[in-house]
């Protein structure tokens, strides 16, 4: 086979030395790249394909998107690519999205956060039927400090329905639900290794939280589960020998719940902690560490892999995918966002704790209005003691209805979801105020999902800066059109682009004068 030179694939003799020729070579990632010298012995160029005659400074093997992360991640989860579509709450990460990812040999999680048990159960049944026999799909279990019983019931549902992967998120510590998901079904395999029935992913953004998931489940949480018959003594004994989760997703500056930490600082810290705890506990397998948050361009994805991530998780950018269960109106707002068009706002599920999440700022007043509600909650002991002028402003400008009417709606909701909340609210005026204000925060995301144009200025759209970066990257390409933005095309283009970026960096470290244009990947239709 003749040597392939980069400027013209028909030209089988000349190495590539000009910027334009080198750029063409960089993009031929699935071929060997041979680094050669020019006539002076100082300039470096490239020859692609079979090794050329004469001296070669170095050779890079073919590079594939499948090889960017940890091969053990792909093996463990039966996927081709080290890529995960994360769990956007309220079903925005829909069953269609999860199924599309599974069929494309990737992994996706259904966004169960914020949904009631019947809704989660319907989604699980749908996925189990559509993906029968597949193991590369999962469902989210979100921490619900205000509804611990719901959290536990969702965990039991996922185990009962044999959901292969569970991603736990927003946890600051371990709960019975998490430990149950981790330990249920543990057994010794024929090879003497501990086998898991359920593969647990844990999203973390703090080292102290990561340490809990990287350690074995504590006896004080295992013991009650055994006593209630939820776990066997053998499962509990095996749980003391393995980490709670074998996939840890390090979440940096992301949409939704986030600590706004930079990936470049956070990921190496968790990788080091993983290695330390592996030595301490003598694990037979290495915990896989993935990266999430801020990943909206090939360069960002390549940087995450370069930092040592075994896999990447995308979130914000998937909200514009055709499979995302959010209104076209909300998708149009996301498509207009830039990097700075995000802001922190009070969280509905952790309102009383003062927890915030990251949302879209451009085109909506949600963050400012939710902030006013939280300020009122902090400053006053009850709805009845709100100053008349403040109460009127909240009713007219935020709730758009009398507080008494909103409480009646809120009461009906909790009567169906968890009557204990009504009992508590009737005894605690401060909690009653929190539930009324949470009515606004909870419904604001639903208005965005359904596309209630009358409440457009109240849309709560979870979004990180990755969305703006994605919009800039895709501008003018086929991925700029909403109809072309399938979750799989988004994934394949991010991975392909990250591979090109990685190859460009590799060649530059060899001293090849790689032009800046070679680091830029324009989205195209990929199969």
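Numbering (the numbering used here), first residue to last: 5 to 531.
Glycine included, C-beta positions come from ideal geometry on N, C-alpha and C.
So for residue i, helix, strand or coil by DSSP?
{"i": "residue 352", "result": "coil"}
{"i": "residue 497", "result": "helix"}
{"i": "residue 128", "result": "helix"}
{"i": "residue 5", "result": "Residue confidence is low: residue 5 scores 28 on pLDDT, short of 50, so the model does not pin down where it sits. Its coordinate-derived value is still stated next. Coil."}
{"i": "residue 64", "result": "strand"}
{"i": "residue 171", "result": "strand"}
{"i": "residue 146", "result": "strand"}
{"i": "residue 38", "result": "strand"}
{"i": "residue 92", "result": "coil"}
{"i": "residue 445", "result": "helix"}
{"i": "residue 285", "result": "helix"}
{"i": "residue 121", "result": "helix"}
{"i": "residue 230", "result": "helix"}
{"i": "residue 108", "result": "coil"}
{"i": "residue 261", "result": "strand"}
{"i": "residue 84", "result": "coil"}
{"i": "residue 163", "result": "helix"}
{"i": "residue 346", "result": "strand"}
{"i": "residue 138", "result": "coil"}
{"i": "residue 519", "result": "coil"}
{"i": "residue 114", "result": "strand"}
{"i": "residue 324", "result": "helix"}
{"i": "residue 525", "result": "coil"}
{"i": "residue 330", "result": "coil"}
{"i": "residue 102", "result": "helix"}
{"i": "residue 357", "result": "helix"}
{"i": "residue 386", "result": "coil"}
Who are the near neighbours of residue i in its chain, counting only those whose CB is closer than 8 Å to its CB and skipping five residues on each side?
{"i": "residue 198", "result": "190, 191, 192, 242, 245, 246 and 288"}
{"i": "residue 495", "result": "85, 87, 89, 105, 108, 110 and 318"}
{"i": "residue 11", "result": "Confidence at residue 11 is low in this model, with a pLDDT of 46, below 50, so its placement is unreliable and the value that follows should be read with caution. Within the same chain, residue 11 has close Cβ partners 18, 20, 22, 24, 25 and 28."}
{"i": "residue 5", "result": "Here residue 5 scores only 28 on pLDDT, less than 50, and its place in the model should not be relied on; the value that follows carries that caveat. Here the set comprises 53 and 54."}
{"i": "residue 274", "result": "208, 211, 214, 252, 254 and 293"}
Checking 8 Å against the spacing of the C-beta atoms, do residue i and residue j come in under that value?
{"i": "residue 121", "j": "residue 145", "result": "no"}
{"i": "residue 442", "j": "residue 355", "result": "yes"}
{"i": "residue 168", "j": "residue 139", "result": "yes"}
{"i": "residue 374", "j": "residue 445", "result": "yes"}
{"i": "residue 482", "j": "residue 488", "result": "yes"}
{"i": "residue 256", "j": "residue 209", "result": "yes"}
{"i": "residue 466", "j": "residue 361", "result": "yes"}
{"i": "residue 67", "j": "residue 39", "result": "no"}
{"i": "residue 58", "j": "residue 49", "result": "no"}
{"i": "residue 499", "j": "residue 37", "result": "no"}
{"i": "residue 165", "j": "residue 133", "result": "no"}
{"i": "residue 418", "j": "residue 407", "result": "no"}
{"i": "residue 329", "j": "residue 453", "result": "yes"}
{"i": "residue 62", "j": "residue 514", "result": "yes"}
{"i": "residue 299", "j": "residue 174", "result": "no"}
Among residues of its own chain, excluding the 5 on either side of residue i, which ones have a beta-carbon nearer than 7 Å to its beta-carbon?
{"i": "residue 491", "result": "89, 101, 104, 105, 322, 325 and 327"}
{"i": "residue 156", "result": "180 and 181"}
{"i": "residue 218", "result": "247, 252, 277, 278, 281 and 291"}
{"i": "residue 461", "result": "368 and 369"}
{"i": "residue 429", "result": "435, 436 and 439"}
{"i": "residue 297", "result": "255, 256, 257, 258, 262, 267 and 468"}
{"i": "residue 150", "result": "353"}
{"i": "residue 518", "result": "26, 30, 508, 511 and 512"}
{"i": "residue 349", "result": "360, 361, 363, 370, 371, 374 and 375"}
{"i": "residue 159", "result": "145, 181, 184 and 185"}
{"i": "residue 531", "result": "none"}
Between residue i and residue j, how many whole angstroms is the CB-CB distance? I'm expecting something under 8 Å.
{"i": "residue 259", "j": "residue 171", "result": "Going by Cβ atoms, the distance from residue 259 to residue 171 rounds to 15 Å, so no, they are not a contact pair."}
{"i": "residue 436", "j": "residue 387", "result": "7 Å"}
{"i": "residue 239", "j": "residue 188", "result": "7 Å"}
{"i": "residue 502", "j": "residue 302", "result": "5 Å"}
{"i": "residue 308", "j": "residue 267", "result": "6 Å"}
{"i": "residue 216", "j": "residue 178", "result": "5 Å"}
Where DSSP assigns a beta bridge to residue i, which residues make up the other side?
{"i": "residue 466", "result": "363"}
{"i": "residue 295", "result": "254 and 316"}
{"i": "residue 276", "result": "In the DSSP output, where bridge partners are listed per residue, residue 276 has none listed."}
{"i": "residue 20", "result": "50"}
{"i": "residue 198", "result": "192"}
{"i": "residue 504", "result": "BP columns for residue 504 are empty, so no partner."}
{"i": "residue 402", "result": "Residue 402 pairs with nothing; no bridge assigned."}
{"i": "residue 204", "result": "170"}
Taking 6 Å as the limit between beta carbons, can you name the residues of its chain near residue i, skipping five residues before and five after?
{"i": "residue 449", "result": "94 and 464"}
{"i": "residue 522", "result": "27, 30 and 508"}
{"i": "residue 91", "result": "97, 113, 115, 144 and 171"}
{"i": "residue 127", "result": "99 and 114"}
{"i": "residue 352", "result": "442, 445 and 446"}
{"i": "residue 183", "result": "221 and 225"}
For a cutoff of 8 Å on Cβ pairs, would you count residue i as touching chain C?
{"i": "residue 272", "result": "Considering every chain present, this structure includes no chain C. It has just one protein chain."}
So does residue i have its beta carbon nearer than 7 Å to some heavy atom of the ligand GDP?
{"i": "residue 160", "result": "As far as ligands go, the structure on display features none, and thus does not contain the ligand GDP."}
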